[in-house]
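S.K.:
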Amino acid sequence: MIRIASRSGLILCLGCLLAWSQAGPDVNGVAVVVYDEVITRDDVLKYIAPSVELLLRQYGDQPQVLNQKLQEAEQDGLNQLIERKLILHEFESAGYSLPESVVEEEIQKRIRERFGGDRVALVQTLKAEGMTMEEWKRKVREDYIIAAMRARHLGPSIFISPWRIEKYYAEHLDEFKLGDQVKLRTLMISTRGKSSPEFARELMRELKRQLDEGSSFADLARVYSEDSFAPKGGDRGWVERKGLRKELADVAFRLEPGQHSDVIDLGSTLWLLQVDAVRKNHVRTLPEVRDEIEAKLRTEEQNRRHQEWIARLKEKAFIRYF
């Protein structure tokens, strides 16, 4: 795995990868001019840096896929930066103003929410990201303006009629089909980092014995499980076969409701499973998915309005690509 020590190192790494994959212009060269505002390729790399380390982790062992994903991220970042410039220019051209008191209030809000009110933590984070305090404050101001302008131009609250929801449901039934499901609880103990992996195995055998004697799976999971579902007694809710590792799915989908498994040894992790209920493949009903469809249609309408607005801004703008 590629490890990046800092944001600047991340940007350098991305720049090298993109330059190697594209054999294109200088990483520090001009990418586009919007009115009299210049966006450099370095600006783009800094903007997309938060998502790059994830791409490196996900696709670091697949160079061709990684290069494609990085190029897509770069293009998406460039488009977003162009939109920001267009919106900020529209704000200035309209003669709007933003009181400094509002900006300062937003700054204090972010410090509270992201850093627990600790300005030292803020400064350390900005240093790691290669950003000065003034640059960060300017970004906060611009973020606030852009959010306000988007809200203004998206118009009033979007109403999605019941008819549209029902029509979408009828035309997209395949989206709501579910395969066989089990209501699953898990108890997992890792053998990694343990001084004695065999002790972990012995513990799991003891927990299995307690389950056989009638102990509560949920209670044992809360105390002993090391996965993220432990606080909920190991409850993962309804899961399909494709949502589980094959070795676990093969066991889970053979269990009857109320039945627990033997210890499943996957080497680095040990598992106990319990199925609380079974549900055969079916189509989710309209009442089950109504809110989900409404949210999806509302998001689509918001995106449509946003794209129309950006298209109008581009029509009257001076934009030059390099």
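In this note's numbering, the protein residues as written are 23 to 344. No residue lacks a Cβ here, since even glycine has one placed at the ideal position from N, Cα and C. These figures come from a predicted structure and were not determined experimentally.
For G259, write down the residues that DSSP places opposite it in a beta bridge.
M.R.: DSSP, once it has assigned bridges, lists L206 as partnering G259.
S.K.: Return the first residue and the last residue of the alpha helix (DSSP H) that R326 is part of.
M.R.: 308 to 337
S.K.: Let me confirm a value: A116 is counted as buried when at least 16 other C-beta atoms fall within 10 Å, else exposed. Which label applies?
M.R.: Per the 10 Å Cβ criterion, exposed.
S.K.: Taking only the alpha-carbon atoms, compute the straight-line gap between L144 and F113 and give it to the nearest angstrom.
M.R.: 28 Å
S.K.: For the alpha helix (DSSP H) containing D64, list its first residue and its last residue.
M.R.: 63 to 81
S.K.: Can you grab the Cα-Cα spacing for the pair N349 / K205, in whole Å?
M.R.: Nothing about residue 349 can be read from this structure; the chain reaches only from 23 to 344.
S.K.: Do the CB positions of R227 and S290 come within less than 9 Å of each other?
M.R.: no
S.K.: For G139 and Q130, I'd like the C-alpha separation in whole angstroms.
M.R.: 8 Å
S.K.: Mind checking which residues open and close the alpha helix (DSSP H) that includes L176?
M.R.: It spans 155 to 176 - the alpha helix (DSSP H) in which L176 sits, taken as one unbroken run.
S.K.: Quick one: grab the DSSP three-state call for A116.
M.R.: coil
S.K.: By the three-class DSSP mapping on this structure, what secondary structure does K302 have?
M.R.: Three-state result, K302: coil.
S.K.: Under three-state DSSP, which class holds D284?
M.R.: coil
S.K.: My assumption, with CB atoms under 8 Å, is that G255 sits in contact with A240. Please give the rounded CB distance.
M.R.: 3 Å
S.K.: I need the straight-line Cα distance from L176 to N325, nearest angstrom please.
M.R.: 9 Å
S.K.: Closer than 8 Å is the cut-off here; do at least three beta carbon pairs connect the stretch 301 to 311 with the stretch 65 to 84?
M.R.: Counting Cβ pairs under 8 Å, fewer than three are found: no touch.
S.K.: Mapping DSSP to helix, strand and coil, what is T213?
M.R.: coil
S.K.: Where does A299 land, buried or exposed, given buried means 16+ other C-beta within 10 angstroms?
M.R.: exposed
S.K.: For the beta strand (DSSP E) that contains A53, what are its first and last residues?
M.R.: 52 to 56
S.K.: Since K230 contacts L294 with CB under 8 Å, what's their CB separation in whole angstroms?
M.R.: Cβ-Cβ separation between K230 and L294: approximately 6 Å, consistent with a contact (criterion under 8 Å).
S.K.: Could you have a look at E278 and say whether DSSP puts it in helix, strand or coil?
M.R.: coil
S.K.: If you draw a straight line from the C-alpha of R141 to the C-alpha of R134, how long is it?
M.R.: 9 Å
S.K.: With 16 as the cutoff for other CB atoms within 10 Å, does R106 come out buried or exposed?
M.R.: buried
S.K.: Could you say which of I104, Q84, Q86 lies nearest to E59 if we only look at CA atoms?
M.R.: For the residues I104, Q84, Q86, the minimum Cα distance to E59 belongs to I104.
S.K.: Leaving out five residues on either side along the sequence, give the residues of the same chain with a beta carbon under 6 Å from the beta carbon of S28.
M.R.: Unreliable placement is indicated for S28, whose pLDDT of 49 sits below 50; no coordinate value is reported for it.
S.K.: Given this structure, state the Cα-to-Cα distance separating R244 from V311, to the nearest angstrom.
M.R.: Cα to Cα, R244 sits roughly 31 Å from V311.
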